[in-house]
Amino acid sequence: MSKKILIVDDSKTIRQQVTFTLIKGGFEVVEAEDGQDGLAKLAQNADIAMIISDVNMPNMNGLEMLEAISKNEAYKAIPLVMLTTEGGNELVARAKTSGAKGWLVKPFKPEQLVAAVSKLAR
Amino acid sequence: MTNLPFALVNMVKECTSELTESLGLGSYAEDLAAAKPNQQGVLAAIIGFTDPKMNGSLVVMATSDCLTKSHPNAAMGMPIVEQDVADWIGELANQLLGRLKNRVVRCGHGFSMNTPTVMAGSSIVLQSVKDQLSQDFYFSGGHGPIFLRLSAQIAPGTQFVETETKASATEGDTMFF
């Protein structure tokens, strides 16, 4: 059975790119358009193997979502990687402290994304 | 319109060329003879940024035709609908400002980025805002012209000198913790 990956990004373009890349890589994908939607999709899908999330999103940003996940026993073991334009020390440190497993800076290469998911998805 | 610091202007030009190359759009060079896309089917994305030392906005304008040709779905063999084109210019503005931010961080500064707003129209006119420094950029490349306007209030004495210290991660980087 394919591992199910949750992509959280307010850009439909990025969600489509990630979905296309991961389906080609043999994964199943669930999409969410902001942090709140991401938490809702986690509640609806008990078998999420990994989360890929943007940082800057409306309603709830990626770091806020990560912090909410880290406090939830049901979700905190799910590996999460940030996929973002941001590369600043403070944000990276904050994500690491909150339990993120990695940080990818856009634009991503398909093989780079598949390698990260293959490495981390549980 | 009062011009932005020269170093910041150069960063915008370099970031734009690097971004278009990395996204597979080919080489986009500054073209002072290019006209601002201002005809039917123009889209504009506006993305703001804020920090005590510098705050303002970046506007990116391009034609629907340019955005359709350059949309990642084209390379993936997937259909492109109107909403996809609007989303794409927003993402372009987001990635461009993100690149610029990583350069500004290397100068010892930084800013928070907003999420982009996209407008479509047949004749979008940008107005100058009092007390803001501003610069227009015209680029031409294989997919059609791209216009940028970076506007900002910058605290007096703010220098844009890049040092050896770099951001934790740069474009295309992967880090595992």
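Protein chains in written order, with the numbering used here: chain A, 33 to 154; chain B, 15 to 191. Glycine included, every Cβ here is placed at the ideal spot set by N, Cα and C.
query	result
A/Lys35, DSSP secondary structure in three states	coil
Span separating the alpha-carbon of B/Thr82 from that of A/Glu105	44 angstroms
Coarse secondary structure for B/Met68, derived from DSSP in three states	strand
Where A/Met82 falls, given that 16 or more other Cβ within 10 Å makes a residue buried	buried
Extent of the continuous beta strand (DSSP E) run through B/Val132	131 to 135
Burial state of A/Asn93, where buried means 16 or more other Cβ atoms lie within 10 Å	buried
Same chain, Cβ closer than 7 angstroms to A/Glu63, neighbours up to 5 away in sequence not counted	Ile39, Arg47, Thr51
Interfacial residues, the region 35 to 49 of chain A to chain B, with Cβ spacing under 7 angstroms	Asp42, Ser43, Lys44, Thr45, Ile46, Gln48, Gln49
Distance CB(B/Leu110)-CB(B/Leu33) smaller than 8 angstroms	yes
Residue environment, B/Ala107, which counts as buried when at least 16 other CB atoms sit within 10 Å	buried
First and last residue of the uninterrupted alpha helix (DSSP H) at A/Ala125	121 to 129
Span of the beta strand (DSSP E) around A/Met114	112 to 116
Neighbourhood of B/Val95 by C-beta, 6 angstroms cutoff - its chain only, sequence neighbours within 5 removed	none
Simplified DSSP state of B/Leu18, which is helix, strand or coil	coil
Coarse secondary structure for A/Phe52, derived from DSSP in three states	helix
Near-chain A residues of the region 16 to 43 of chain B (beta-carbon distance less than 7 angstroms), N- to C-terminal order	Ser36, Leu37
Nearest to B/Asp150 (by Cα), restricted to the options B/Leu72, B/Glu185, B/Asn87, B/Gly124	B/Leu72
Contact set between B/Gly124 and chain A, taken where Cβ atoms lie within less than 7 angstroms	Gly120
Contact between the region 54 to 63 of chain B and the region 116 to 130 of chain B (3+ Cβ pairs under 8 angstroms)	yes
N-terminal and C-terminal residue of the alpha helix (DSSP H) that A/Asp143 is part of	Looking at the sequence itself, residue 143 of chain A is Glu, so the reference to Asp does not match. Looking at the DSSP string, the run of the alpha helix (DSSP H) that includes A/Glu143 is 142 to 152.
Exposed unless 16 or more other CB atoms sit within 10 angstroms - verdict on B/Val99	buried
Coil, strand or helix - B/Ala88 by DSSP	helix
Under 7 angstroms by beta carbon: chain A residues contacting B/Met127	Asn88
Segments of 3+ residues assigned as beta strand (DSSP E) that fall wholly inside the region 61 to 110 of chain A	80 to 85
B/Met68 burial status per 10 Å Cβ neighbour count (16 or more: buried)	buried
Beta carbon proximity, A/Phe59 to chain B, threshold 8 angstroms	no
The region 70 to 87 of chain A / the region 96 to 111 of chain A touching (three or more Cβ pairs under 8 angstroms)	yes
Collapsed DSSP secondary structure at B/Asp79 in the structure displayed	helix
Contact the region 128 to 147 of chain A vs the region 134 to 152 of chain B: 3+ CB pairs below 8 angstroms	no
Same chain, Cβ closer than 7 angstroms to A/Gly58, five either side skipped, listed in chain order	Ser34
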